[in-house]
Amino acid sequence: MKRMLAFISAILLFLGVDLVVAPKAASQTNQTAPKTEVVHVGILQMMTHPALDQIHQGVVAGLKEEGLTTGKNLKIDFLNAQGDQSNLKTMSQQLANKDSLLVGIATPAAQALANSAPKTTPIILAGISTPATSGLVKSEAHPGGNITGTSGLNPVTKQFELMHAVMPHAKKIGIIYTSSDHGGQTNAHAFARVVKQAGLIPKLYTISNTNDLQQVASQMVSQVDMVYAPQDNGVASAMKTLVNVANNVNIPVFPCAETMVPDGGLASYVISQKEMGRVAGVMAAKVLRGKNPATYPVATVKSGYYMINKKEMRKLHIKIPAAIMRAASQHGKVIK
Amino acid sequence: MNLITSSIGQGLLWALLGIALFLTFRILNFADMTVEGTFPLGAAITVTAITKGVSPLVATLLGFLGGAAGGLITGLLYTKGKIPILLAGILVMTGCLSVNLRIMGGSNVSLLGQKTFFSAKIFQSLPRYFDSVLIGGGTIILITILIALFLETDLGQAFIVTGDNQMMARSLGINTDNMTILGLSLSNGLVGLAGALIAQSNGYADANMGIGIIVIALASIIIGEVVFGYLTLNQRLIAVILGSIIYRFVLLIVLQLGFSTNDLNLISAIILAVCLMLPTLRHALKLDGILRKGVSQYGK
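Okay, here's the thing in structure tokens:
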């Protein structure tokens, strides 16, 4: 009991002192744009995941490109929440407290940062699929606050065109995503709209986690002519399972992200995650030099490249149009 | 300085979860897995209601009711359906995921730019992080007093007896099934309330925000018990709150020491395991004797 009273008094005493000593929230001043000294940048990543890791590397590369190098004039504080959202708040406050610019990778991380940081600290989004509907910016053209960055909307039209060119007679396209994955859901529905507009039939399937994949995918491949795998953390990590199920009945899987093609996807038109991070890094450097995030539009990285998996082509006896093969070997990647 | 205040604020907000689990884990004597579903359920209901224009207070109460409904279902499955408690909890938790997705219409709903408890005008003039200290502190004090008063009533005493000894409770004419249902509803209502407040503090609700929260709740209970020793029932409630704050301090220290965040889960697991083993270790190493006599005396 004594210990308890002592602890409570210590906390109350501390809070009392902090209340008097700490500067008032409203009168806090902007600490951005230091001229010559070491710049502190905080990066908060939602979880360890190939795509997110690549965005992270891209951010560092982008900062370097603009003359900010770690060890010289840049100090990066990097925290990874490992998918545990209960830690996001503590982590984002920790970063908001010592860094003059914050970078959020994946939607919940960016939202936590936006909520913890004072309105004067700039926040750069890296690869958030829909910044406006996630409430992070007012609109993508005029962010209007302390937040801007890059958006990573998947080039669904291009991806559909590729699928249609490779499999012109296919009518039903299966789309599988994790029901609790924000990115996967957005991507899947956007793709389904494109399929419908083209007069084909999209068939949506959801899994609640990767354990369901085998069963739901087996059901799916018996009802469709080819499969589209959206930008979905769950599906991406269990890509091999999906490919096995589909290839058993000689159906190709067209993924949307770079990492999913070597895992057994047939072909895709992808945006480089690293590029998205790089652009975010460049934007971060410009904001540090004084550019106002409120009027700095969200950059959507649109240009991508073809990726083709020759192993899958041989396995499924599928031919890819020569024009696309050429484009892939010149500007994209062909996996042998 | 700032970060310590922030940890206290976070500790006070998450303490609600500890108190809620205390009712089922310590008083009724079983681990209720439902919380990993009702926590995001409370968050989902509240955040969706706020974005639809409902006032934060009403929205938060709806979050409480949503959580309570989840607990009620677990209670019915356990008592009337005769499903083992662990399984009943897991079933409701699993079902909640789909319900949450239906409520939110997606997996993530943002609160940025919406009116919440945390955006109230009074907090703008206070130093940073005092919003969570005041909201968390106010709520937890109110809830703890209400629970302490409830446990004093006849109903509350019957509730305690049910957890202590079901056979005896029944022989005293207590309907133990009803007590269990009541406890689960109340506990999960509080979990929903915690979800509602934490979603407002974080600025969003996400379908995956319940993952791992049972560890946080258990940590507050166990750390509180280990640090503060033998206490009366009401004091134990306070110990849970302080345990929750201490858990946040530990996380803060781990982060400040610059550990890789990849190791964070392992570190919290180790801390919990050590806390759980402490009574045994104390006995085995005769630490009590050392502490009582004083280290210097023992040395001689």
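The listed protein sequences correspond, in order, to chains V and X.
According to our numbering, the first sequence holds residues 112 to 447 in order.
According to our numbering, the second sequence holds residues 19 to 318 in order.
Note that beta-carbon positions come from the ideal geometry of N, C-alpha and C, so glycine has one too.
In this text, all values refer to a predicted model and were calculated from it rather than measured experimentally.
DSSP state of residue i, grouped into three classes?
i	result
residue 382 (chain V)	coil
residue 128 (chain X)	strand
residue 181 (chain V)	strand
residue 132 (chain V)	helix
residue 312 (chain V)	strand
residue 241 (chain V)	coil
residue 74 (chain X)	helix
residue 288 (chain X)	helix
residue 66 (chain X)	helix
residue 318 (chain V)	strand
residue 193 (chain V)	coil
residue 346 (chain V)	helix
residue 278 (chain X)	coil
residue 252 (chain V)	coil
residue 146 (chain X)	coil
residue 302 (chain V)	helix
residue 162 (chain V)	helix
residue 275 (chain V)	helix
residue 397 (chain V)	helix
residue 297 (chain X)	helix
residue 53 (chain X)	helix
residue 46 (chain X)	coil
residue 57 (chain V)	This structure leaves residue 57 (chain V) out entirely; chain V is present only between 112 and 447.
residue 146 (chain V)	Bear in mind that the predicted position of residue 146 (chain V) carries a pLDDT of just 49, short of 50, making it too unreliable to give a figure here.
residue 4 (chain X)	The question about residue 4 (chain X) has no answer here: the residues shown for chain X are numbered 19 through 318.
residue 191 (chain X)	coil
Which partner residues of residue i appear in the DSSP bridge assignment?
i	result
residue 337 (chain V)	V:284
residue 153 (chain V)	V:188 and V:213
residue 117 (chain X)	None, per the DSSP bridge assignment.
residue 185 (chain X)	None, per the DSSP bridge assignment.
residue 260 (chain V)	V:236
residue 387 (chain V)	DSSP output for residue 387 (chain V) lists no bridge partner at all.
residue 418 (chain V)	V:379 and V:444
residue 410 (chain V)	V:261
residue 224 (chain X)	X:126
residue 366 (chain V)	V:340
residue 289 (chain V)	V:318
Please check if any C-beta of chain V sits within less than 9 Å of the C-beta of residue i.
i	result
residue 324 (chain X)	Residue 324 (chain X) lies beyond the stretch modelled for chain X, which goes from 19 to 318, so this question has no answer here.
residue 184 (chain X)	no
residue 230 (chain X)	yes
residue 145 (chain X)	yes
residue 197 (chain X)	no
residue 256 (chain X)	yes
residue 26 (chain X)	yes
residue 252 (chain X)	no
residue 224 (chain X)	yes
residue 110 (chain X)	no
residue 84 (chain X)	no
residue 209 (chain X)	no
residue 47 (chain X)	no
residue 20 (chain X)	yes
residue 193 (chain X)	no
Would you say residue i faces chain X, with C-beta separation under 9 Å as the test?
i	result
residue 114 (chain V)	yes
residue 392 (chain V)	no
residue 197 (chain V)	yes
residue 126 (chain V)	yes
residue 333 (chain V)	no
residue 236 (chain V)	no
residue 175 (chain V)	no
residue 191 (chain V)	yes
residue 129 (chain V)	yes
residue 443 (chain V)	no
residue 222 (chain V)	yes
Answer yes or no: does any C-beta atom of chain A fall closer than 9 Å to that of residue i?
i	result
residue 297 (chain X)	In the structure shown, chain A cannot be found, because the protein chains are V and X.
Got a sec? Which residues, its chain only, sit under 8 Å from residue i by beta carbon, not counting five neighbours each side?
i	result
residue 332 (chain V)	285, 338, 356, 357, 359, 360 and 362
residue 309 (chain V)	271 and 275
residue 251 (chain V)	242, 243, 262, 408, 409 and 411
What residues in its chain sit with their C-beta under 6 Å from that of residue i, if we drop five residues either side in the sequence?
i	result
residue 286 (chain X)	none
residue 290 (chain X)	237
residue 36 (chain X)	235, 238, 239, 258 and 262
residue 388 (chain V)	166, 169, 170 and 237
Using a Cβ-based criterion (distance less than 8 Å to any ligand heavy atom), does residue i qualify as near the ligand GDP?
i	result
residue 243 (chain X)	Judged by which ligands are present, the structure shown has none, so any question about the ligand GDP falls away.
### Query
Enumerated in chain order, which unbroken segments of the alpha helix (DSSP H) with a length of 4 residues or greater are wholly contained in the segment 226 to 255 of chain X?
231 to 246
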